[in-house]
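Colleague: Please find one structure pasted underneath; my questions will follow.
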Amino acid sequence: PSDVTLGPGHPQRPEASGILRSQLDRSQQMLLDALLRIHLEFLNPSIYRSEWDAAVTAGLDSISFTWWGPLVMKSRHGYRLQGPTTIVELVRVTGSPGHVHIVRRSPGEDLDSPEMLRDLQESLKNPSD
2 PSDVTLGPGH PQRPEASGIL RSQLDRSQQM LLDALLRIHL EFLNPSIYRS EWDAAVTAGL
62 DSISFTWWGP LVMKSRHGYR LQGPTTIVEL VRVTGSPGHV HIVRRSPGED LDSPEMLRDL
122 QESLKNPSD
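The number in this note's numbering is simply the position in the sequence shown, starting from 1, with 1 added.
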């Protein structure tokens with residue numbers, strides 16, 4: 002869907018928006034941390050640990066949380082967690098049944114850059130023997 006700004010073909014890092022973790026109270030910070038952990042736990046355990054450690058090292062307080070859409074069950078809505086080392090975006094699409102799109106990216110380790118695409122296209126034109 003067009004609301005997913007981190008999907009394939011969107012190599013640019015979106016502008017950070019929303020509220021910074023550092024602006025939240027302690028209980029809200031714990032919820033944000035738990036939400037990030039939930040998304041990272043979809044990964045292999047060793048990758049999860051590496052991603053979590055990178056987020057902590059970069060500074061959890063630099064992570065922003067953005068919500069869009071109404072606060073009504075079964076409505077179209079989404080959120081983004083964005084920090085220096087990871088970005089997670091969730092978009093709930095309406096319909097019957099509704100479904101969710103989740104994208105997680107690691108800035109700086111992205112394979113969806115114009116340079117990578119150009120190199121891949123060149124390698125496919127000239128495969129080595």
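Glycine is no exception: its CB is placed at the ideal position from the N, C-alpha and C atoms.
Since this is a predicted model, take the numbers as computed values, not measurements.
Alpha carbons only, please: which of Gln24, Thr67, Pro85 is nearest the one belonging to serine 18?
Modeller: Answer by Cα proximity: Thr67.
Colleague: Using three-state DSSP, classify serine 65 as helix, strand or coil.
Modeller: Residue state, collapsed to three classes: strand.
Colleague: Do glycine 109 and valine 92 come within 9 angstroms of each other at the CB atom, strictly closer than that value?
Modeller: No, these two residues do not count as a Cβ contact at 9 angstroms.
Colleague: Do threonine 86 and glutamate 52 have their C-beta atoms within less than 9 angstroms of each other?
Modeller: Yes. Within cutoff.
Colleague: Tell whether a beta-carbon distance below 9 angstroms holds between arginine 77 and glycine 70.
Modeller: Yes, the Cβ-Cβ distance between arginine 77 and glycine 70 is below 9 angstroms.
Colleague: Checking 9 angstroms against the spacing of the C-beta atoms, do lysine 75 and threonine 95 come in under that value?
Modeller: For lysine 75 and threonine 95, yes; Cβs fall inside 9 angstroms.
Colleague: Along the chain, where does the beta strand (DSSP E) that runs through glutamine 30 open and close?
Modeller: First-last for glutamine 30: 27-41, but that is the alpha helix (DSSP H), not the beta strand (DSSP E).
Colleague: Can you grab the Cα-Cα spacing for the pair aspartate 34 / arginine 81, in whole Å?
Modeller: So the two alpha carbons sit approximately 13 angstroms from each other.
Colleague: Could you give the residue range of the alpha helix (DSSP H) that holds glutamine 122?
Modeller: Counting along the chain, the alpha helix (DSSP H) containing glutamine 122 begins and ends at 115-126.
Colleague: Counting along the chain, where does the beta strand (DSSP E) carrying arginine 81 start and finish?
Modeller: Where arginine 81 is concerned, the enclosing beta strand (DSSP E) stretches over 78-83.
Colleague: Can you find the residues in the same chain that come closer than 7 angstroms, C-beta to C-beta, to leucine 32, ignoring five residues on each side of it along the sequence?
Modeller: No residues qualify anywhere along the chain.
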